[in-house]
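Visitor: Okay, here's the structure, questions in a sec.
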Amino acid sequence: MQGVVIAGTSSGVGKTVATLAVLRAVEQAGLKPLPAKAGPDFIDPSHHDAVAAAPSRTLDPWLQGTEGIRRTYERDDGDLRVVEGMMGLYDGTVSTARVATELDLPVVLVVDASAGMESVAATALGFRQFAERVDDDVDVVGVLAQRCHGGRHENGIREALPKELTYLGRIPPDADLEIPERHLGLHLGRESAVPERSLEKAAEPIRTEQLLSVARSPSWSPPQDREPEPTGKRIAVADDPAFAFRYPGSVRRLRARAEPVTFSPIAGDPLPDCDGVYLPGGYPERFAGALEESPALSTLAKRAPDGLPIFGECGGLMALGESLTTTDGDSYPMAGILPADIEMHERYQALDHVELQARTDCPTAKAGEQLRGHEFHYSSARPGRDAQFAFDVTRGEGINGDQDGLVEYATVGTYTHVHAESGAFDSFLESVERYDG
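The sequence shown lines up with residues -2 to 434 when you count with the working numbering.
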C-alpha cells in the first residue's frame, strides 16, 4: 500500500491539523485514506478517528518492533496510508525519521510559514540534507506550508523550493484549526474535533495529485500475521473519557481471543459479567467524584480478593489505588485494591519509552520476561510499606524509579502502557483462562 509520513520541524508546528487536512483532501479525491500515528500517542489518533473512515493505527518500533509496525501498516484496506509523525522529524530515540526508514516511506515536512517565505525553503532543504549528515536513509520529498496565506506568500515559498522538494500545498491560518491543549497533550478528538467547515477549507489548498505522486509503496513484504487462539472468555473494558487511552491493536488482540464488553465507570455502569477486566489509561483525575461513586469500582473491590484478573494501565492504576488527590487538594477514595495513594501534579512526572523486567509471575508477564512500553503521567503514586511490585524498571521511571506494576491478588497496575505486540495481553488472557470465578 502506498503511504507518506507527515513530519514536522518541531513539536507544535501543526502536524495533526496538517494530517487531518491531508486525510480530508485524499477523501475528496475519491480515495480511501488510512490514518496512522508514529510513536506511542493516544490523543492525535483520536482526531484522526474523528475524520477518517478507518481507525488510526499505532506505529512505534519500541512498542511493536519492526515486524510489528509493518504488520500494522498493512492492516486495513485503503488507497493511501497517512502517517502523522511525532515531535520534530529527527527528535527522540524512536524518532519519526526511524519510523519512516523502517517502513521505507517518503517524508512530507510541515514547516511553519507564518513569519517566513524563502526561509521556509531553506529550513526544508536543511532537514533533507541533515539525513545525509547522520547517515540516515530518510527521504524528505515535499513540503506543506503551515499557517500560510495564498498569493504572494504562497508563491514566494513555492518558487524558493529546490527541485528536490515538491510543494504540496498550504494550511491557511484559521483560529478554528487550533486544537486546545491540556496536560498529556491536545484535547481528545471526541471533545474538540476540528469544525467541519474549517477542515474543508484547510483541505482545499492541498495539492492532492502531487501528494499522490510522491507517495510510494514500501519495498518490504508484509510479515505474516499470527493467528491467535480464542479463549471463549469475556473481558470487561472500561471505555469513557476517564479510560480513553488504548491502542487499537490491543483492542483487536482482545477481540481476536476473547469477547470484549465495554462499560463506563464514570457513567455509573455496573461491572459487566466477565472473566477479566482491563482499565486503560485516560483522565481519571477529571472524573474523580464520579469514580468515587462508581458501582463498577465497588464491584471490582469485592471481586479482586476472589482472584478476578484485573489489568490497569496508568489511569487504571490510579483508579485501582486507595485514593486520588487532585491538584486542587481534593482527595477521593478509589477502588482500594492496590496499596497506593495517588496525587496529581502541575508538571509531568514521567515521559519516555520504558523497559520492564518481571520480578515474578503476574497477570501480564512471567518471571524474567521483558516488556517494552511507554509512560506519560502527571501523577505520582505513594505505595504502602507492604506493597509488592511485579517489575524492575530497566528504562524509565515506573512507580518509584526502580519498580513498576503494583500487584495484589490477580490484579496488576502499572504506569507503563503496553501494546499487544509486547505479549502482555496474551499473558493477561492466559491468566484469565486460569481464573475459575
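We put the beta carbon where it would ideally sit given N, CA and C, even for glycine.
Predicted model only: the values in this text are computed from it and were never measured.
So what does DSSP say about Asp134, is it helix, strand or coil?
Guide: coil
Visitor: Taking contact to mean 3 or more Cβ pairs, one atom from each stretch, closer than 8 Å, check whether the segment 287 to 296 and the segment 210 to 220 are in contact.
Guide: No: fewer than three Cβ pairs fall under 8 Å.
Visitor: What residues match up with Glu340 in a beta bridge as DSSP calls it?
Guide: Thr322, Ser377
Visitor: Using alpha carbons as the reference points, say which of Ile3, Gly273, Leu268 lies closest to Lys230.
Guide: The residue with the shortest Cα to Cα distance from Lys230 is Gly273.
Visitor: For a minimum of 3 consecutive residues, which ranges assigned as the beta strand (DSSP E) are wholly contained in the segment 347 to 402?
Guide: 347 to 355, 367 to 374, 376 to 380, 385 to 392
Visitor: Is DSSP giving Thr413 helix, strand or coil here?
Guide: coil
Visitor: I'd like to check one pair, Thr98 with Ala35: are the Cβ atoms closer than 7 Å?
Guide: no
Visitor: Is the number of C-beta pairs between the segment 282 to 289 and the segment 252 to 260 that are closer than 8 Å three or more?
Guide: no
Visitor: What are the complete beta strand (DSSP E) segments, minimum 3 residues, inside the segment 254 to 325?
Guide: 255 to 260, 273 to 276, 307 to 310, 320 to 322
Visitor: When the Cα atoms are used, what is the spatial distance from Val79 to Pro380?
Guide: Distance between the alpha carbons of Val79 and Pro380: 42 Å.
Visitor: Measure from the alpha carbon of Ile66 to the alpha carbon of each residue in Cys359, Leu348, Pro37, then state which is nearest.
Guide: Ranked by how close their Cα comes to the Cα of Ile66, the residues Cys359, Leu348, Pro37 have Pro37 in first place.
Visitor: Assuming Lys363 and Ser419 make a contact with CB atoms under 8 Å, what is their CB distance in whole Å?
Guide: Contact flag wrong, Cβ pair sits at about 13 Å.
Visitor: Quick check on DSSP: helix, strand or coil for Ala332?
Guide: The answer is coil: DSSP assigns Ala332 none of H, G, I, E or B.
Visitor: Going by DSSP, which residues form a beta bridge with Val140?
Guide: Bridge partners of Val140: Leu106, Tyr164.
Visitor: Since Glu352 and Gly393 are thought to touch, with beta carbons under 8 Å apart, how far apart are those beta carbons, to the nearest angstrom?
Guide: 7 Å
Visitor: Which value, in whole angstroms, describes the spacing of the CA atoms of Ala337 and Ser320?
Guide: 7 Å
Visitor: Look at the alpha carbon of Gln367 and the alpha carbon of Ala301, and state the distance between them as a whole number of angstroms.
Guide: 25 Å
Visitor: Using a Cβ-Cβ cutoff of less than 6 Å, which residues in the same chain neighbour Leu106 once the five nearest sequence positions on both sides are dropped?
Guide: Ala4, Ala121, Phe124, Val137, Val140
Visitor: Does DSSP put Lys34 in a helix, in a strand, or in coil?
Guide: Looking at Lys34 - three-state DSSP - the assignment turns out to be strand.
Visitor: Let me check understanding here. Comparing Cα to Cα, which of Asp41, Val48, Ile168 lies closest to Pro30?
Guide: Val48
Visitor: Can you tell me which of the three DSSP states Lys230 falls into?
Guide: strand
Visitor: Does the distance from the CB of Leu305 to the CB of Leu317 come in under 7 Å?
Guide: no
Visitor: Can you find at least 3 beta carbon pairs, one from the segment 150 to 165 and one from the segment 238 to 249, that sit closer than 8 Å?
Guide: no
Visitor: Tell me whether the beta-carbon of Leu439 lies closer than 7 Å to the beta-carbon of Ala118.
Guide: What the structure shows of the chain is the stretch from -2 to 434, and residue 439 is not part of that stretch, so it cannot be assessed.
Visitor: Quick one: grab the DSSP three-state call for Thr6.
Guide: coil
Visitor: For a test of the three-state rule: what should DSSP assign to Glu430, helix, strand or coil?
Guide: helix
Visitor: Skipping 5 residues on each side, what residues in its chain have a beta carbon closer than 7 Å to that of Glu71?
Guide: Closer than 7 Å at the Cβ level, and outside the excluded window around Glu71, lie Met(-2), Pro219.
Visitor: Cβ atoms of Val404 and Gln385: under 7 Å apart, would you say?
Guide: yes
Visitor: Counting along the chain, where does the beta strand (DSSP E) carrying Leu77 start and finish?
Guide: 77 to 81
Visitor: Whose C-beta lies closer than 8 Å to the C-beta of Pro192 among residues of the same chain, with five residues either side of it excluded?
Guide: Within the same chain, Cβ atoms closer than 8 Å to the Cβ of Pro192 are found at Asp173, the five residues on either side in sequence being excluded.
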